[in-house]
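In the UniProt record's numbering, the protein residues as written are 1 to 325.
All residues carry an ideal CB built from backbone N, CA and C; glycine is no exception.
Please read these numbers as outputs of a predicted model, since none were measured by experiment.
Working notes, structure below.
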């Protein structure tokens, strides 16, 4: 049986189908705290190997070259004659590879402390590299870079959601303290709450900047990629962002990409798009913000009930039924 690359971050020396993301990430984060550059190179080369590329980013390359030049050199080492790469393969072990790759990225963001996420190096440098991969002419690099960047975005959405909840709690505590009579207020507690609220606000703003960078730097360019799988990834992840973090993503400027992609020429992409919309419309609280979208794109959904792909037609009918309730 064919082997698949193991997700052992540091060396990736062996082949295995299964791994535990959290322990690997925790070990890597410890190394990152001791040796930032060395650990970061492990992360870059893990990403490169996950593209199916045999090239290696050396310390000298990392220090002296721009990402565009590093990626150009990696492209030269790629096996042009091989149409297959890890994410393109459909057998069960490779499906696990893809799931594991995505989970590892999410685990890294979850397990990293705020000092790593906010150190101005880890996420900024990695996202810059992934954005370069996602812009590559070479499909394996572009596909893998896009998936990695959008999965990181989804993990950041979860972090932003948690920070937002902490903000709300802190705001309530702050208001309760400020509502007390002057003689009963705890000055130190009030100052601590005010400082905590400022910190959370800063964190949220930094996360918004990162997410906006991924959206504009990767999503906006890849949602109409020539590769259907890449377009489908974009629709799936956008649907998730809208459901999870409507405060930032339930807007016509984000929803329009789902609407436009209802016209995609590839059935699987249309299917993933309609499923993303069903997930959004399935949340009653979102209805008021969907009126303009519905008015604009409902005629297309009605037409899709006659889609040549039976599965797409069925999903469109289900969505229309939910809309008419």
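Closest by CA to residue i, which one among the options?
i	options	result
residue 275	251, 200 and 322	322
residue 213	130, 192, 140 and 243	130
residue 102	161, 62 and 153	153
residue 174	120, 163, 226 and 192	192
residue 56	282, 64 and 70	70
residue 303	313, 105 and 115	313
residue 140	84, 35, 97 and 115	84
residue 224	194, 269 and 248	269
residue 51	309, 280 and 147	147
residue 201	229, 160 and 179	160
residue 286	60, 114 and 246	246
residue 198	177, 222, 171 and 185	171
residue 25	179, 107 and 73	107
residue 226	205, 266 and 260	266
residue 194	205, 204 and 178	178
residue 228	217, 261 and 251	261
residue 203	47, 114 and 176	114
residue 279	237, 217, 205 and 61	237
residue 63	90, 23, 91 and 125	125
residue 46	181, 68 and 100	100
Please confirm whether residue i and residue j have their CB atoms less than 8 Å apart.
i	j	result
residue 54	residue 75	no
residue 219	residue 255	no
residue 316	residue 324	no
residue 121	residue 189	no
residue 109	residue 156	yes
residue 123	residue 163	no
residue 127	residue 149	yes
residue 59	residue 41	yes
residue 296	residue 259	yes
residue 138	residue 21	no
residue 320	residue 281	no
residue 235	residue 185	no
residue 263	residue 300	yes
residue 116	residue 29	yes
Which value, in whole angstroms, describes the spacing of the CA atoms of residue i and residue j?
i	j	result
residue 31	residue 95	29 Å
residue 210	residue 183	43 Å
residue 133	residue 118	23 Å
residue 144	residue 244	24 Å
residue 135	residue 277	27 Å
residue 233	residue 166	30 Å
residue 215	residue 253	12 Å
residue 249	residue 242	5 Å
residue 93	residue 72	30 Å
residue 222	residue 142	9 Å
residue 289	residue 283	11 Å
residue 86	residue 196	44 Å
residue 27	residue 39	10 Å
residue 374	residue 48	The chain is shown only over 1 to 325; residue 374 falls outside these bounds and no answer can be derived.
residue 151	residue 176	38 Å
residue 291	residue 257	16 Å
residue 8	residue 298	Any answer about residue 8 is weak, because its pLDDT of 40 lies below 50 and its placement is not dependable; what the coordinates show is given next. Straight-line Cα distance between these residues: approximately 47 Å.
residue 311	residue 90	20 Å
residue 33	residue 23	16 Å
residue 65	residue 305	52 Å
residue 67	residue 251	33 Å
residue 309	residue 61	48 Å
residue 98	residue 181	58 Å
residue 187	residue 217	45 Å
Looking at chain C, is there any beta carbon in it that lies within less than 8 Å of the beta carbon of residue i?
i	result
residue 40	You won't find chain C in this structure, because it holds only one protein chain.
Would the beta-carbon of residue i be found less than 7 Å away from any heavy atom of the ligand MG?
i	result
residue 63	The model on display carries no ligand, and the ligand MG is accordingly not part of it.
Go through the segment 77 to 147 residue by residue and report every complete run of the alpha helix (DSSP H) that reaches 4 residues or more, in order.
92 to 111, 114 to 117 and 122 to 134
- Task: Identify every run of the alpha helix (DSSP H) within the segment 163 to 234, keeping only runs that are complete inside it and at least 4 residues long; order them along the chain.
- Result: 187 to 214
Query - Sequence ranges, alpha helix (DSSP H) only - wholly within the UniProt domain "SCD" (219 to 304), length at least 4 - result: 228 to 244, 246 to 249, 252 to 261, 267 to 281 and 291 to 304
4 or more residues per run - each alpha helix (DSSP H) lying fully within the segment 45 to 73: 59 to 64
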